Structures are given as structure tokens and as C-alpha cells.
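Structure first, commentary second.
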Amino acid sequence: MSSYDDVLNNVCKSKLKLKKDPLASKKKKKKDKEEKELKEKLNTSADEIAKQSAGNTNTLQLTKAQIAFQKQQEKIQKERILQKASMTHKQRVEEFNRHLDSLTEHFDIPKVSWTK
1 MSSYDDVLNN
11 VCKSKLKLKK
21 DPLASKKKKK
31 KDKEEKELKE
41 KLNTSADEIA
51 KQSAGNTNTL
61 QLTKAQIAFQ
71 KQQEKIQKER
81 ILQKASMTHK
91 QRVEEFNRHL
101 DSLTEHFDIP
111 KVSWTK
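Residue numbers (the UniProt record's numbering): 1 to 116.
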């Protein structure tokens, strides 16, 4: 048991020494600087990759039909987004209910019962 207690005491003392260490704040500052540098490098590398990918799309030769297709798809997608954003969910439900009310009884589900 004494060896376990000795190890425990040594661990506790080492933790206390780390807390009182005046260089600990400098180490933290150094870590912060290193983290900032890494983040900057990642951001610049991400920008470079984006530029390269943009350059790669230019090197790929799209036909006129492909370009027209992409433009049309973007146009249709924008129209859909605007149409869905123009009404709230409540308004859409009310409009759907009005549409159902306007339908004839021909579209109703018939009763299926042998007894009545």
C-alpha cells in the first residue's frame, strides 16, 4: 500500500508544480500562436484548393448544350426557392385545404361496407 500512496503523492506534487510554474503561461501563449498559425495555413491552403478547383473547371471544356443546361437548372432552382419562400407553412396548408374543398365528390373515397 505504501508504494501506491507514494505514487499518488508524487502525481499530486507534480500537478501542483505545474500549476505554480511561471513558464506555464508562456507555454500556453506559444500553443495559442502555433494554433493560430496552423489555422491560417489551413485557411490559405483551402483558398488555394478552391482557386485550383475553379481553374480546373475552366480547363474542362463544356459544350454549349451543357452550359445551357446548367444555366436552366440554376434558373429553375432559384424559381423553386423563391416560390417556396414566398408563403409560410400555414398559408400553404390553407391553400391546399381550399383546393381540396373545390374538388368534386367524385374524388372522395367511397364507403366500403357490406352492412349499410
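Beta carbons are placed, not taken as given, at the ideal position from N, Cα and C, and that holds for glycine.
For clarity, every value in this text was computed on a predicted model and none was experimentally measured.
Can you tell me which of the three DSSP states GLN61 falls into? Within the sequence shown, numbered from 1, the residue matching residue 61 stands at position 61. In the structure shown, GLN61 sits in coil (DSSP, three-state: anything other than H, G, I, E or B).
Spatial distance of ILE49 from LEU38 (CA atoms): Taking the sequence shown and counting its residues from 1, the one referred to as residue 49 is at position 49. Taking the sequence shown and counting its residues from 1, the one referred to as residue 38 is at position 38. The alpha-carbon atoms of ILE49 and LEU38 are separated by roughly 16 Å.
Here's a check: name, in chain order, each residue in its chain whose Cβ is nearer than 8 Å to the Cβ of GLU95, leaving out the five neighbours to either side. Here residue 95 is taken as the residue at index 95 of the sequence shown, counted from 1. MET87, listed in sequence order.
Going by DSSP, what residue range makes up the alpha helix (DSSP H) through VAL112? Taking the sequence shown and counting its residues from 1, one reaches residue 112 at position 112. In the DSSP assignment, VAL112 falls outside any alpha helix (DSSP H) and carries neither an H nor an E.
Determine the DSSP secondary structure at THR44, reduced to helix, strand or coil. Residue numbering aside, residue 44 sits at position 44 when the sequence shown is read from its first letter. Looking at THR44 - three-state DSSP - the assignment turns out to be helix.
Rounded to a whole number of angstroms, what is the C-alpha to C-alpha distance between ILE81 and GLN73? Along the sequence shown, read from residue 1 onward, the residue named residue 81 stands at position 81. Along the sequence shown, read from residue 1 onward, the residue named residue 73 stands at position 73. Each residue's Cα considered, the two are about 12 Å apart.
Taking the alpha helix (DSSP H) that LEU100 falls in, what are its first and last residues? Here residue 100 refers to the residue found at position 100 when the sequence shown is read from its first residue. Looking at the DSSP string, the run of the alpha helix (DSSP H) that includes LEU100 is 89-102.
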